[in-house]
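Numbering (our numbering), first residue to last: 2 to 627.
Set out below in structure tokens:
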């Protein structure tokens, strides 16, 4: 019987000795096998030794040059906040008292326009209002919110002329469109709103008359209209009206959803929780009335799976993308695919967004799209569609070669995408702020939620606007973010940005900026660049019905390249740019030729005898403005 060990964790002495003997034998066996292996390996190598390698001859390498990229410095172009000193004391009212109804964070339209025909750019700021259940207290204080109209003295000083102007009424306003719809030579206004919309006819005496009902453009009282714009889609010589509608919304539905922030607290609703809707397309009958033709024109897009309205539209702009002589339109949709409506030349449009490559991001996903602009921003005539998107979704830059409708999103390669990923962008537009002949980009940013930083540390309610300098081919990136060292601190001060527009408010030839804010004052920023760059400004007057020449293109041949700019006030988000067109020339001291491509297809050459001037160009003749 085997000896019992005294401790179950202690091995028997005989077992230890046996293990030692076995271990020693194993070591000698492994050593022997190793020696045999070495001998065998040597024999195998000797038998399979290749022939001696030939002598290496060094080849002569071709001479190469490393491309040097010049250091590119963004030009110093200060923007100075002159809001208060210019006489603007507007305060946007959104009615927010804690219920967090979605329209409270979506307004802020604005427009630069010469409503009194004195040659300078006046200003309209669209207001929203308090909600009906809160208006009793407001009326007691005699402080009903209205839109505000400012007259410019030509030097950038503004006077509030709202009282008695016809714009001094309360509505839950959103956006604005400017155009002379009755061809009397005076600019009229269309104001979009939650509920009833408004058409205001210019009375030529500094006032406007509400002609909405007579014209037939009030829309449905249950709709929520957003961006809008005038354009002549049927080429009959008068201006038609496109009005985007956002989502099917009511206070009852919004409140019943009980939207919540992560961690608690009421939140603004997501557009995915609201139904889609259809836009309005009003065809101008030429007698002061309009007919709504959106469905017949092919603009009623439905979800193919559910047959419900698809559009949740916030931004719209117009351009002849394929250069067939008929103006097309592109619509930015929030959380559903964007629409590109191709003009069929028969009063209808075909929606080609998916085929053209502008409907989704590069991964096939819809984004939260808001503001929009389109321009021929490269010397080769390529057209780029810029769309501002939601936070954590970069701004889109869909680019197509001339006369084509096949786009590629070049946001990443252009440098625009990586620098816009975090921001929530509303207003966005092209303009040449430094007058070097290249179109730059501006973006107005701001979140929906005041407490967003509590939920996402990378996000803030107030966000800085962004300015991107187009450096052309000077660097590996096309759009370079402009820092405060180059533009000053006023421009980049955080705000809850929404609408945005530009105009030369002080008549010095460069373009000044306006940014509106939700529940805040707007910011008017004067461009104080002193770069010595030359420029031309054009005010076009059409003679074939479309007096504002909306949709016309101006081409300037300078230094072997062609600069192309469109007369298109409807851009950005809920906003309108000035009608005159500014074209920067950089250091060039002359131009070879200037051509106007009128909306009716005719062309005209303009004689330029001096730079740094405004030229008024009539379709039948050319006259230099005083």
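Quick reminder that beta carbons are idealized off the backbone N, C-alpha and C, glycines included.
- Less than 9 Å separates the beta-carbon of residue 579 from that of residue 504.
- For residue 355, there is no enclosing beta strand (DSSP E); the enclosing alpha helix (DSSP H) covers residues 354-357.
- 9 Å or more divides the Cβ of residue 473 from the Cβ of residue 559.
- Separation of residue 452 and residue 168 (C-alpha to C-alpha, rounded to the nearest whole angstrom) is 34 Å.
- According to DSSP, residue 246 shares a beta bridge with 226.
- Under the DSSP assignment, residue 219 falls outside any beta strand (DSSP E); it carries neither an H nor an E label.
- Beta-bridge annotation (DSSP): residue 518 is paired with 498.
- Under the 10 Å beta carbon count, residue 241 is surrounded by 16 or more other beta carbons and is classified as buried.
- Excluding five sequence positions before and after residue 204, the CB atoms of its chain that fall closer than 6 Å to its own CB belong to 210, given in chain order.
- Three or more Cβ pairs closer than 8 Å define a contact, and the stretch 535-544 falls short of that threshold against the stretch 460-468.
- Rounded to whole angstroms, the gap between the alpha carbons of residue 79 and residue 291 is 45 Å.
- Spatial neighbours of residue 563 in its own chain (CB-CB distance under 6 Å, excluding positions within 5 residues in sequence) are listed in chain order as 556.
- In the DSSP annotation of this structure, residue 471 is not part of any alpha helix (DSSP H); the continuous beta strand (DSSP E) holding it starts and ends at 467-471.
- The beta carbon of residue 187 is closer than 7 Å to those of 118, 181, 203, 205 in its chain, skipping five residues each way along the sequence.
- Here residue 621 is exposed: its Cβ has fewer than 16 other Cβ atoms, across all protein chains shown, within 10 Å.
- DSSP places residue 255 inside the alpha helix (DSSP H), whose first and last residues are 252-257.
- CA-to-CA, the gap between residue 101 and residue 619 works out to about 50 Å.
- Taking every protein chain shown into account, the CB of residue 183 has 16 or more other CB atoms within 10 angstroms, so this residue is buried.
- Here residue 93 has 108, 109, 126, 128, 129, 517, 518, 519, 520, 521, 522, 523 as same chain residues with Cβ atoms under 8 Å from its own Cβ, once five neighbours each way along the sequence are excluded.
- For residue 215, the number of other beta carbons within 10 angstroms of its own is below 16, and it is reported as exposed.
- Exposure of residue 413 is indicated by the presence of fewer than 16 other C-beta atoms within 10 angstroms of its C-beta.
- Across the structure, residue 145 and residue 201 are spaced so that their CA atoms are roughly 20 Å apart.
- 9 Å or more divides the Cβ of residue 192 from the Cβ of residue 207.
- Contact between residue 316 and residue 372 holds, since their C-beta atoms are separated by about 5 Å, short of 8 Å.
- Excluding residues up to 5 positions away in sequence, 415, 416 lie with their Cβ nearer than 6 Å to the Cβ of residue 479 in the same chain.
- DSSP places residue 135 in the helix class (H, G or I) of the three-state scheme.
- In this structure, residue 581 keeps its C-beta atom at 9 Å or more from the C-beta atom of residue 112.
- Contact annotation, residue 251 with residue 314: C-beta distance approximately 18 Å; criterion of less than 8 Å not satisfied.
- Between the beta-carbon of residue 195 and that of residue 220 there is about 11 Å, and that puts the pair past the 8 Å contact cut.
- Here DSSP, grouped into helix, strand and coil, assigns residue 89 to coil.
- Annotation for residue 406: 322, 323, 357 place their beta carbon closer than 6 Å to its own, counting only its chain and skipping 5 residues before and after.
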